[in-house]
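Written out below as structure tokens is the structure these notes cover.
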Amino acid sequence: MFTLPPWDPSAADPPTLAALRTRAEAVAGTPWPVPRARDYARYFRDGDRDAYEQLIWARDRRLSRAVALAAATRSPDWLDEAADGIQLLCEQSSWCWPAHDDTFSRHGAVVPTVTDPYLDLGASEIAAQLAWADHVLGEQLDARVPGLRARIRHEADVRVLTPFEHRRDWHWLGLDGPVGNWTPWIHGNVLVAATLAPDRRRRERLVAAAVGGLERFAAALPEDGAIDEGYSYWWNGAARLLEALDLLDRPIDGKLRATVAFPHSVHLGGPWYLNHADGQARPTLDQPWAVLHRAARRADDRAAEAHAAAHRVPGGPVAGEEQGLGRLLLALTDRAWRDAVPGAAGPVAGDVWFPSTQVLIARDPAGLTLAVKGGHNDEHHNHNDVGSVVVALRGVPVLVDPGRPTYTAQTFSDRRYELWTMQSGWHNTPVLGGAFQEPGRAAAAAGVVAAGSGLSLELGAAYPGGHRWRRAARLDRASGRVTVTDAWHLAGHVGGTEIRWMIAGTLRVDDGRAEIDALDGAGTVVLTWPARHPWAVVVRELDDPMLSDVWGERLTRLDITVAEPVGTLELSIEELR
Numbered sequence: 001m002f003t004l005p006p007w008d009p010s011a012a013d014p015p016t017l018a019a020l021r022t023r024a025e026a027v028a029g030t031p032w033p034v035p036r037a038r039d040y041a042r043y044f045r046d047g048d049r050d051a052y053e054q055l056i057w058a059r060d061r062r063l064s065r066a067v068a069l070a071a072a073t074r075s076p077d078w079l080d081e082a083a084d085g086i087q088l089l090c091e092q093s094s095w096c097w098p099a100h101d102d103t104f105s106r107h108g109a110v111v112p113t114v115t116d117p118y119l120d121l122g123a124s125e126i127a128a129q130l131a132w133a134d135h136v137l138g139e140q141l142d143a144r145v146p147g148l149r150a151r152i153r154h155e156a157d158v159r160v161l162t163p164f165e166h167r168r169d170w171h172w173l174g175l176d177g178p179v180g181n182w183t184p185w186i187h188g189n190v191l192v193a194a195t196l197a198p199d200r201r202r203r204e205r206l207v208a209a210a211v212g213g214l215e216r217f218a219a220a221l222p223e224d225g226a227i228d229e230g231y232s233y234w235w236n237g238a239a240r241l242l243e244a245l246d247l248l249d250r251p252i253d254g255k256l257r258a259t260v261a262f263p264h265s266v267h268l269g270g271p272w273y274l275n276h277a278d279g280q281a282r283p284t285l286d287q288p289w290a291v292l293h294r295a296a297r298r299a300d301d302r303a304a305e306a307h308a309a310a311h312r313v314p315g316g317p318v319a320g321e322e323q324g325l326g327r328l329l330l331a332l333t334d335r336a337w338r339d340a341v342p343g344a345a346g347p348v349a350g351d352v353w354f355p356s357t358q359v360l361i362a363r364d365p366a367g368l369t370l371a372v373k374g375g376h377n378d379e380h381h382n383h384n385d386v387g388s389v390v391v392a393l394r395g396v397p398v399l400v401d402p403g404r405p406t407y408t409a410q411t412f413s414d415r416r417y418e419l420w421t422m423q424s425g426w427h428n429t430p431v432l433g434g435a436f437q438e439p440g441r442a443a444a445a446a447g448v449v450a451a452g453s454g455l456s457l458e459l460g461a462a463y464p465g466g467h468r469w470r471r472a473a474r475l476d477r478a479s480g481r482v483t484v485t486d487a488w489h490l491a492g493h494v495g496g497t498e499i500r501w502m503i504a505g506t507l508r509v510d511d512g513r514a515e516i517d518a519l520d521g522a523g524t525v526v527l528t529w530p531a532r533h534p535w536a537v538v539v540r541e542l543d544d545p546m547l548s549d550v551w552g553e554r555l556t557r558l559d560i561t562v563a564e565p566v567g568t569l570e571l572s573i574e575e576l577r
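Going by the UniProt record's numbering, the first residue of the sequence shown is number 1, and it counts up by one from there.
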């Protein structure tokens, strides 16, 4: 019979608990955030999903802190705070996030339809949060707030467990199509929420069904452990699977062991990671590092363990404050995580090749890092970026992938590729005869050859028009230089053909030469190309914090014009010394 691990308050990390108390006390006694009908309706009215989500996430964080403190201290004040938050969640009209709710398509409503709850990421998160609260506060709640645990069970049943049993048309079940990060995220939370079911046989059925979903995601993982959504989504895909397997006491080997190494493998340096799809190049550092640390220990991966330990900050924010009560409680009481040496430098990964996603990373730790991506334009959280190149100097991206803006209704609609960040014209890819890459599985790299520190691939199928365009990118450690060689044969229209480069930092350009002062004072790189090719500079001002928090006020695009129907162009990138 599956059960949650016993709660041992004596194992809680004192500095982290003290810092948690400070943050909790800052809002204790103030009104709780109140999600309103107008906030829910905004997604259906004007596409804004952030206003509502920020309110409910603030609720979740506050409740997680209160539960952890009540469980660790047995203080009646923190127990009352936790009970208030639990009651508010039980009275919240929907646990679903409006961007996922089918209330409008099924009922024509822009507010939750409480008789037809939708089971999404948000609903599963709250069900798991309440299950963990019930697990660690059960006796205290029975003594101080009789009846509240019964309310928890009722709401979890109506909103999550019964819909999970009876409605089988959700894409994330993975029964009739590809699986993505929703599959382990929701099934892992249902696994935890199943502990609220009072009937033993029903609980066993729920657990078995949840495990089945986890196994479908595990089966879909590639042998190299890569995640096509990139580093940012590893935490809410593969990491969700790993922590569920940890609760089930399942081994971590084979492809699971390979995915444990993924975050470390795509680390560029400092706060920077290789980003593709909707990921950020400089994601927030409050990731659930204890989850990675625990998985790395189980997989016996010392490099991944050291990478996680390097991010431990005693007294700093704990991942569960942002990403789930279970993560918070397990991190607080993980003695090996508590004893990990904070700030220890993790080892630098060498060259990496992911065949499943056709991503190559080649590193010169003292200089440049090159990353090249093949793949196709129907990946999870896809951007049209076949053949894109990223170059970093001492771990700081210089030729960059912009990432993604704040999510709105448009982001996952049929108008997704109207967003500039999703278009190939704003990635380090060519524009062929004025045309950008097209979305879809057929828009894919061909003839992909990974050899040593270089990757060669044909990009023509990603564009309309029947063009041929072969790109080869290589890091030469002996010279410390990256070269990108493009060779083409254009069919028909040539005008508007450009090789584009997205640049972070300060740019200075002259014919055939550009200098870029990298962010973070990392140094300066020089780009050179045949001076006969004209160039232009386009500045993109950034007003969305999902972009400006990473890159600053602007990104710059360098466009190098190609005028001949058949030809080659070599771009050289090296550090200015």
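The beta-carbon is built from N, C-alpha and C at its ideal position, and this holds for glycine as well.
* Member of ALA435, ALA68, HIS267 and ALA446 whose CA lies at the smallest distance from the CA of residue 585 -> The structure shown does not extend to residue 585, since the chain spans only 1 to 577, so no value can be given for it.
* What does a CB cutoff of less than 7 Å around ALA128 pick up in its chain, not counting 5 residues either side in sequence? -> ASN189, VAL192, ALA193, GLY324 and GLY326
* Asked: From GLU574 to GLY521, what distance separates their C-alpha atoms?
  -> 16 Å
* CB of ALA295 within 9 Å of CB of ILE252, strictly -> yes
* Sorted by chain position, which residues of the same chain lie with C-beta nearer than 7 Å to ALA11's C-beta, five sequence neighbours on each side aside? -> THR333 and ARG335
* Would you call the region 289-307 and the region 269-278 in contact, with 3 or more CB pairs under 8 Å? -> no
* Asked: If we call anything under 9 Å between Cβ atoms a contact, is HIS489 one with TRP469?
  -> yes
* By DSSP, does ALA219 sit in helix, in strand, or in coil? -> helix
* Asked: Which residue comes first and which comes last in the alpha helix (DSSP H) that contains TRP32?
  -> Run containing TRP32: none; DSSP gives neither H nor E here.
* For the putative contact between ILE186 and LEU148, defined by C-beta atoms under 8 Å, what is the C-beta separation to the nearest angstrom? -> The pair is not a contact, with the Cβ atoms about 25 Å apart (cut-off 8 Å).
* **For TRP469: DSSP bridge partner residues** => TRP488
* Entirely within the region 222-291 and at least 3 residues each: give me those beta strand (DSSP E) ranges in chain order. => 267-269
* **Within 9 Å, strictly: CB atoms of ASP385 and ASP364** => no
* Check whether ARG404 and HIS381 have beta carbons under 9 Å apart -> yes
* To do: Measure from the alpha carbon of ASP511 to the alpha carbon of each residue in TRP535, TRP501, ARG500 and THR497, then state which is nearest.
  => TRP535
* Asked: Counting Cβ pairs closer than 8 Å, one from the region 83-97 and one from the region 106-123, do we hit at least three?
  -> yes
* Once you ignore the five residues that flank THR357 on each side, which residues in its own chain have a CB closer than 7 Å to its CB? -> ALA226, ASP228 and GLY375
* Would you decide whether GLU321 is buried or exposed? Buried here means 16 or more other CB atoms lie within 10 Å of its CB. => buried
* Leaving out five residues on either side along the sequence, give the residues of the same chain with a beta carbon under 6 Å from the beta carbon of MET422. => HIS383 and ARG416
* Asked: Thinking just about the alpha-carbon of each residue, which of ASP102, LEU79 and HIS135 is nearest to the one in ARG62?
  -> LEU79
* Should GLY433 go down as buried or exposed, given a rule of 16 or more other Cβ atoms within 10 Å for buried? -> buried
* Contacting residues, own chain, Cβ-Cβ under 6 Å from PHE2 (five flanking each side not counted) -> VAL207
* Asked: If you draw a straight line from the alpha carbon of LEU221 to that of ASP142, how long is it in whole angstroms?
  -> 43 Å
* Give the single residue among ALA261, ARG216 and ALA150 whose Cα lies nearest to the Cα of TRP234. => ALA261
* **Expected contact under 8 Å - CB spacing of ALA306 and LEU475 to nearest Å** => Actually they do not touch by this definition, with Cβ atoms about 24 Å apart.
* Asked: Mind checking whether GLU155 and LEU130 have CB atoms under 9 Å apart?
  -> yes
* To do: Starting from ASN377, follow its DSSP beta bridges and name the residues at the other end.
  => GLY440
* **Proximity of LEU507 and THR556 at Cβ, strictly below 9 Å** => yes
* Assuming VAL509 and LEU459 form a contact by the criterion Cβ under 8 Å, report the distance between their Cβ atoms to the nearest whole angstrom. => About 25 Å separates the two Cβ atoms, so there is no contact after all.
* **Burial state of LEU330 (16 or more Cβ within 10 Å)** => buried
* To do: Indicate the three-state DSSP secondary structure (helix, strand or coil) for ARG74 in the structure shown.
  => coil
* Is any heavy atom in the ligand ADP found nearer than 8 Å to the beta carbon of ALA51? -> Ligands are entirely absent from the displayed structure, and the ligand ADP is therefore not among its contents.
* In angstroms, rounded to a whole number, what distance separates the CA positions of VAL352 and ASP60? -> 38 Å
* Less than 8 Å between the CB atoms is what I'm expecting for ALA71 and TRP32, so what's the real figure, rounded? => In fact, because the Cβ distance is near 20 Å, the residues do not count as touching under 8 Å.
* DSSP state of MET546, grouped into three classes? -> helix
* Between the CA atoms of GLY269 and ALA310 - distance to the nearest angstrom -> 12 Å
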